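J.:
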Amino acid sequence: MRARNTFGAACIFCAIASHASAADRDYVEDSDFNKTVQIEFNGTDATITNGAGVTVTTGTNGASISIVSEVAGVEYLLSGTSTNGYVEITSNKPSKVTLAGLDLTSSDGPAVSVTSEARTFVVLAAETTNSIQDASSYERDGSGTLYSSGPLIFSGKGSLDITGTKSHAIYGGTSIRFLGGNVTVSDAVKDGVHCSESFQMDQGSLTLSAQGDGIDGDEGTIVINGGTISDVSVDDDTKGIACDGALTINGGLLNFVVEGDQSKALKSDSDITINGGSLAFNLTGGVYLESVTEDSSTYVDPSYCTAIKCGGNLAVNGGQIEILHSGLAGKGISTDGNMTVTGGEMRIFTSGGSSATFTNGSGERDIASADCVKSDGNLTVTGGSILATSTGTAGDAISCDGAAVLGVLGNDESPVISANTTGAQVAVSGSGQSADYANPKAIKSEGAMTINGGSITATTQEEGGEGLESKSTLTINGGTIEVNAYDDGINAATKITVTGGNVYSYSSGNDGIDSNGTFAFSGGTIISSGTTSPEEGFDCDSNNFAITGGTLIGTGGATSTPTSSSSTQKSVIYKGTGTADVILQVKSSSGNILVYKLPRTYSGGSSGGGPGGGGGGGSSSSSMTMLFSTPTLASGTTYTLVSGATVSGGTEFHGLYTGATVTGGTTLKTFTTSSTVTTVQ
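With the numbering used here as the guide, the letters of the sequence shown map in order to residues 177 to 857.
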């Protein structure tokens with residue numbers, strides 16, 4: 177007997193009821209079964225009442241029963257107990273097999289089998305408990321304890337416990353559909369449920385504990401509209417629910433426990449669509465590092481333990497998904513194609529660490545690490561909510577190899593995305609300054625990243641952990657973006673463009689916002705805070721830095737200087753010391769231009785200047801450099817910089833006050849904006 181876990185606390189969400197109509201006559205009540213063959217087992221014998229005129233043959237053991245029928249509308253009513261019998265039915269007509277208190281262990285092959293291309297209706301009679309088990313050897317045809325060569329349809333309000341000693345527990349030669357009944361697969365040497373063309377779950381419950389896959393749809397499709405499915409997978413390289421064709425979930429309650437290495441809870445080699453339902457996953461299996469020899473070279477191909485593995489495109493349009501994964505380098509959601517999210521609620525937590533280093537298929541040193549969400553294609557999120565937290569070493573919260581598009585223009589409320597990492601970076605190769613690291617990222621794309629709307633938060637806690645990173649361009653057109661990172665808060669390889677939205681980016685160990693190429697700011701509000709020199713609030717090296725609109729504030733030990741020739745809006749660089757939570761006010765004779773609470777303490781500088789700042793200072797290693805720009809900064813206008821003011825009323829966005837009443841404070845500097853960029857120190 178193998179030890180089994182129960183799902184317990186992972187059964188988080190309430191079931192969503194689903195009722196499906198079936199004009200295709202899959203409902204047994206839509207067919208007329210007016211003739212009955214009643215079989216009651218009693219040890220090695222059985223009492224048979226043949227009210228249908230079918231051909232019944234018994235073997236040397238009176239409990240071994242074979243039926244051949246060309247009669248339409250026959251119900252086979254099975255009951256009683258035998259540890260040495262079976263029932264096999266051969267018919268060219270639809271059959272109704274009602275289990276009404278049956279406890280049957282086969283003496284050869286399947287316990288109950290139907291050879292027919294027509295439908296077989298398996299009805300679990302109300303208030304009955306049934307149990308069947310196949311034999312340890314097969315001389316008769318069949319591939320499971322409950323076997324049908326044609327369509328197999330379950331209904332009723334009773335229960336059935338199935339054990340597959342030699343083969344699958346349930347085998348349908350074409351399709352299997354659940355419209356009711358409570359079925360438990362206690363154990364199966366192969367799959368719990370296996371069919372070749374289609375599996376559909378509408379109602380009822382299915383509890384699975386198989387040594388193979390829980391439900392294997394083979395080359396066919398799987399559709400889940402309702403009901404409850406619970407699967408426990410202990411063995412390595414197994415699947416909870418899997419098929420080669422499309423997999424669609426419209427409703428129901430699905431619970432998975434996965435313990436085996438490189439196993440998958442939900443897997444399709446084609447597309448997966450989730451429109452509804454509640455899906456809960458608890459995984460502890462780890463990555464398997466497979467050694468591959470090809471063209472005289474050997475490399476490692478990692479195979480991950482994954483909650484949802486999609487070989488095509490994944491679409492999440494609704495439903496509730498919760499994934500808890502503690503296995504080594506575990507994956508929450510992984511898709512080989514594109515991933516699109518328009519609705520639903522996802523909560524994904526990975527806590528497993530990273531693997532040992534290895535040589536990958538490209539001949540490079542590599543590691544396997546965890547991802548909450550990983551798309552090998554593009555990632556598009558326009559609705560719903562995603563909470564992704566990875567706490568293992570080098571673990572990513574959300575990552576894609578293609579382009580990422582988050583949000584819809586004009587909607588700052590949805591989607592809601594929270595991406596978080598707490599794991600440390602891992603050295604993959606080299607040492608010292610030449611070392612190559614695998615770094616934890618909150619949200620990362622290899623292609624262009626575009627944020628159009630929504631509410632997005634990203635946090636990291638360890639070195640190498642960046643909040644938002646694009647290996648191409650990063651464009652922000654709207655939404656509310658809040659980043660708190662150890663490394664760069666926001667980073668792009670070639671260009672950062674901001675045309676709208678509210679952006680806050682704080683780095684505790686590096687730049688607030690870092691573009692390795694150009695930076696263009698034309699609208700919205702952006703607040704960026706880097707640490708002390710040489711790190712910056714805004715860093716775009718010596719590339720073009722254009723400010724043509726919006727409100728921008730950056731603090732750090734230094735800053736990139738806006739490019740005068742491409743900037744149409746005035747900006748000011750103030751150098752001094754700064755104290756956390758002290759209010760700085762910039763005002764003119766006509767009112768406030770800027771009211772801002774400093775996010776951290778910057779000390780030092782060549783001269784003091786009172787709380788919150790000081791003249792002189794330059795951009796030495798412990799002084800503050802503050803860059804700000806607003807549309808209200810005018811040419812040739814005199815402004816006063818005040819420190820230590822008191823604020824009441826108004827609204828605040830990460831220290832930036834709008835519409836507030838400001839009183840008191842100490843005047844630090846008076847300056848006039850005589851050029852596109854004015855330096856005050």
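Note that beta-carbon positions come from the ideal geometry of N, C-alpha and C, so glycine has one too.
Only a predicted model underlies this, so the values are computations on that prediction, with no experimental measurement involved.
#1: What is the residue span of the beta strand (DSSP E) that Asp-279 lies within?
#2: Measuring alpha carbon to alpha carbon, tell me which residue in Gly-229, Lys-440 and Ser-258 is nearest Gly-238.
#3: Where Thr-737 and Cys-548 are concerned, what is the direct C-alpha to C-alpha distance, given to the nearest angstrom?
#4: Answer with buried or exposed for Asn-210, where buried requires no fewer than 16 other C-beta atoms within 10 angstroms of its C-beta.
#5: How big is the Cα-Cα spacing for Gly-528 and Cys-481?
#6: Between which two residues does the beta strand (DSSP E) holding Pro-478 run?
#7: I want to know whether the stretch 648-661 touches the stretch 673-680 - three or more CB-CB distances under 8 Å.
#8: Excluding the five sequence neighbours on either side, which residues of its own chain have a C-beta within less than 6 Å of the C-beta of Pro-327, listed in chain order?
#9: Would the stretch 723-741 count as touching the stretch 682-696 if we require 3 or more Cβ pairs under 8 Å?
#10: What does DSSP give as the partner residues of Asn-660 in its beta bridges?
#11: What does the Cβ neighbour count give for Pro-807, buried or exposed, with the cut at 16 atoms within 10 Å?
#12: Just to confirm my understanding: we take Cys-576, look at its own chain, exclude 5 residues before and 5 after, and list those with CB closer than 6 Å. What are they?
#13: Taking C-alpha atoms, which residue in Gly-688, Asp-317, Ser-698 and Ala-722 lies nearest to Gly-706?
#14: For the candidate residues Asn-719, Ser-325 and Leu-336, whose alpha-carbon lies nearest to that of Ser-255?
#15: Within 10 angstroms of its Cβ, does Leu-585 collect 16 or more other Cβ (buried), or is it exposed?
#16: Output the boundary residues of the beta strand (DSSP E) element that contains Leu-254.
#17: At which residue ranges does the stretch 580-638 contain complete beta strand (DSSP E) runs of 3 or more residues, listed in the order of the chain?
#18: Which residues in the same chain as Ala-198 place their Cβ atom closer than 6 Å to its Cβ, once the five residues preceding and following it in sequence are excluded?
#19: What whole-angstrom Cβ distance do Thr-846 and Thr-816 have, given they're in contact under 8 Å?
#20: For Gly-261, count neighbouring C-beta atoms within 10 Å of its own C-beta (all shown protein chains included) and say buried if the count is 16 or more, exposed if not.
#21: Indicate, with yes or no, if the ligand NAP has a heavy atom lying under 8 Å from the CB of Lys-620.
#22: Quick check: the Cα distance between Ser-648 and Arg-523, rounded to an integer number of angstroms?
#23: Our contact map puts Ser-307 next to Asp-279 with C-beta atoms below 8 Å; I'd like the distance itself, whole angstroms only.
#24: Could one say the Cβ of Ser-446 lies closer than 9 Å to chain C's Cβ atoms, at least one of them?
#25: Within the continuous beta strand (DSSP E) that includes Glu-216, where are the two ends?
#26: Consult DSSP for Val-823 and reduce its assignment to one of helix, strand or coil.
#27: Specify, as a first and last residue, the run of the beta strand (DSSP E) that Tyr-314 falls within.
#28: Bridge partners for Ala-696 per DSSP, in chain order?
#29: What's the call for Gly-537, buried or exposed, on a 16-neighbour Cβ count within 10 Å?
#30: Measuring CA to CA, which of Val-818, Ser-766 and Thr-744 is closest to Leu-774?
#31: What is the DSSP secondary structure of Val-204, counted as helix, strand or coil?
T.: Concretely, from the data shown:
#1: 271-281
#2: Ser-258
#3: 38 Å
#4: exposed
#5: 11 Å
#6: 473-479
#7: yes
#8: Arg-295, Thr-350 and Ser-351
#9: yes
#10: Thr-635 and Tyr-682
#11: exposed
#12: Ser-551, Leu-555 and Ser-621
#13: Gly-688
#14: Leu-336
#15: exposed
#16: 250-258
#17: 580-582, 592-597, 602-605, 612-614, 617-621, 625-627 and 631-635
#18: For Ala-198, the predicted structure reports a pLDDT of 42, less than 50, and the residue's modelled location is therefore unreliable. A value from the coordinates is still provided. Closer than 6 Å at the Cβ level, and outside the excluded window around Ala-198, lies no residue.
#19: 5 Å
#20: buried
#21: The ligand content of the structure shown is nil, which means the ligand NAP is not present either.
#22: 28 Å
#23: 5 Å
#24: The structure shown has no chain C; it contains just one protein chain.
#25: 211-218
#26: strand
#27: Run containing Tyr-314: none; DSSP gives neither H nor E here.
#28: Thr-673 and Ala-722
#29: exposed
#30: Val-818
#31: helix
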